[in-house]
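K.L.:
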Amino acid sequence: MLNENLILSILFGLASFLYYRIHKWWLSGRDKNPIFLKLETKTKSFENWVIIIFLAIASLGFLIKSII
8 MLNENLILSI
18 LFGLASFLYY
28 RIHKWWLSGR
38 DKNPIFLKLE
48 TKTKSFENWV
58 IIIFLAIASL
68 GFLIKSII
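When you line the sequence shown up against my numbering, it's residues 8 to 75, in that order.
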């Protein structure tokens, strides 16, 4: 039977992957449109990577917690 930590691990992993795909889609749209300010988009890109990394770490944390 699945426990809640394993389910949370799967959900955080899925959220991390989906956020990464949205981030890549946003970057491709940014490159095609010259209206975007480059400094602002670099800052937003950094924020997106921080969110992706923290989601992945949370997923790994819940996975380890479900194993233990």
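Where is the CB? At the ideal position from N, CA and C, for every residue including glycine.
Answer with buried or exposed for Phe53, where buried requires no fewer than 16 other C-beta atoms within 10 angstroms of its C-beta.
P.N.:
The residue is exposed, with fewer than 16 neighbouring Cβ atoms inside 10 Å.
K.L.:
If we ignore side chains and look at the alpha-carbon of each, how far apart do Ile60 and Ser23 end up?
P.N.:
Cα to Cα, the separation comes out at about 8 angstroms.
K.L.:
Out of Leu21, Glu11 and Asn10, point me to the one whose CA is closest to Ile78's CA.
P.N.:
Nothing can be reported for residue 78: it is not among the residues displayed for the chain, which extend from 8 to 75.
K.L.:
Secondary structure at Ile74, three-state DSSP: helix, strand or coil?
P.N.:
Ile74: helix per DSSP, three-state reduction.
K.L.:
Given Tyr26, which residues of its chain have a CB within under 8 angstroms of its CB, disregarding the five upstream and five downstream residues?
P.N.:
For Tyr26, where only same-chain residues beyond five positions count, the Cβ hits under 8 angstroms are Asn55, Ile58, Ile59 and Leu62.
K.L.:
Applying the 10 Å Cβ sphere with the 16-neighbour rule, what's the burial state of Ser16?
P.N.:
By the neighbour-count rule (16 or more Cβ atoms within 10 Å), Ser16 is buried.
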